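The structure appears below as structure tokens.
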Amino acid sequence: MRCDSSACHLGPYCWLDPMGKKHYQLKTYHMRRLVTHVEKGGLLEPHADVPEAIREELYMEEQQRLERDKRKGGNSLGSGIPYPPININVLPSQSLASGLGISSANEVVDSKSMSPLDIPGPRDVAVKEYGEWQVSNVTNDSLKAAFRQACDVMLEDGLDLEQVYKDQDPEFFISKGIKRGIARRFVEDIRSWVQNVKKEIPIYEIL
Numbered sequence: 001m002r003c004d005s006s007a008c009h010l011g012p013y014c015w016l017d018p019m020g021k022k023h024y025q026l027k028t029y030h031m032r033r034l035v036t037h038v039e040k041g042g043l044l045e046p047h048a049d050v051p052e053a054i055r056e057e058l059y060m061e062e063q064q065r066l067e068r069d070k071r072k073g074g075n076s077l078g079s080g081i082p083y084p085p086i087n088i089n090v091l092p093s094q095s096l097a098s099g100l101g102i103s104s105a106n107e108v109v110d111s112k113s114m115s116p117l118d119i120p121g122p123r124d125v126a127v128k129e130y131g132e133w134q135v136s137n138v139t140n141d142s143l144k145a146a147f148r149q150a151c152d153v154m155l156e157d158g159l160d161l162e163q164v165y166k167d168q169d170p171e172f173f174i175s176k177g178i179k180r181g182i183a184r185r186f187v188e189d190i191r192s193w194v195q196n197v198k199k200e201i202p203i204y205e206i207l
């Protein structure tokens, strides 16, 4: 998995996607899972042998990175010169306002009827695993500390991931002093983590 391409600046270890020939950075926790895969008898000769669960996580992390970069880029013209946003204020008609009220009510119903995540293992352990996974996706020490603080807030209030996922309420964490971006990421990523990481390769088994 050591990258020997002079054009790649992602780090010493990369996964080369056999389909698109794109390089994906392999972080420490990825490498640990690959080691576990081999120890359990799995093959890891060509890059095509990388387990599907790890591939899906790499794809997901890359998509999240692109979305973050897109948000940081802001609005710009083709030449790269920023341009101010245009605000158009339109007063809604009574029927439109009623429709918006119905839509909001439907959203509340939908949030209450979300399918359960069925997270395996003890609930408090899952919270800690999820928090450490979020920590592993940032390099800034203050952001790492903020994710761990969000994890502590959950445990102190007796909350589990299923409850936070169904509430979809970043404002709860913000009210506890958590940074807005950290709070949103902590709430929004739960389903993706459960589907692509937790149910495939539980972190606490290999750390």
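If you count the sequence shown from 1, position 63 lands on 63 in the UniProt record's numbering, and the numbers rise without skipping. We put the beta carbon where it would ideally sit given N, CA and C, even for glycine. In this text, all values refer to a predicted model and were calculated from it rather than measured experimentally.
7 Å CB neighbourhood of residue i in its chain, flanking five on each side removed
| i | result |
| --- | --- |
| K128 | C151 |
| H37 | L44, P51 |
| K179 | A146 |
| P18 | H47, A48 |
Same chain only: Cβ atoms within 6 Å of residue i, ignoring 5 sequence neighbours per side
| i | result |
| --- | --- |
| Q195 | none |
Close-in-space but distant-in-sequence residues of the same chain around residue i (CB under 8 Å, 5 per side omitted)
| i | result |
| --- | --- |
| D169 | V187 |
Cβ-based burial, residue i [other Cβ within 10 Å; buried from 16]
| i | result |
| --- | --- |
| A145 | exposed |
| E156 | exposed |
| Q134 | buried |
| D124 | exposed |
| K198 | buried |
| M8 | The sequence shown places Cys at residue 8, rather than the Met named in the question. C8 should be labelled exposed. |
| L66 | exposed |
Cβ distance (whole Å) where residue i is taken to contact residue j below 8 Å
| i | j | result |
| --- | --- | --- |
| I174 | L143 | Rounded, the Cβ-Cβ distance is 15 Å, inconsistent with contact. |
| P122 | E162 | Contact flag wrong, Cβ pair sits at about 13 Å. |
| H23 | L16 | 6 Å |
Residue range of the unbroken alpha helix (DSSP H) whose run includes residue i
| i | result |
| --- | --- |
| Q25 | It is not in any alpha helix (DSSP H) - Q25 instead sits in the beta strand (DSSP E) that spans 23-25. |
| Y165 | 161-167 |
| C8 | From DSSP, C8 is part of no alpha helix (DSSP H); its letter is neither H nor E. |
| K144 | 141-156 |
| G131 | 123-136 |
| V187 | 180-188 |
| S115 | Unbroken run through S115: none, as it is neither H nor E. |
Please give me, in chain order, every unbroken run of the beta strand (DSSP E) with length at least 3 that falls completely inside the stretch 16-63. 23-25
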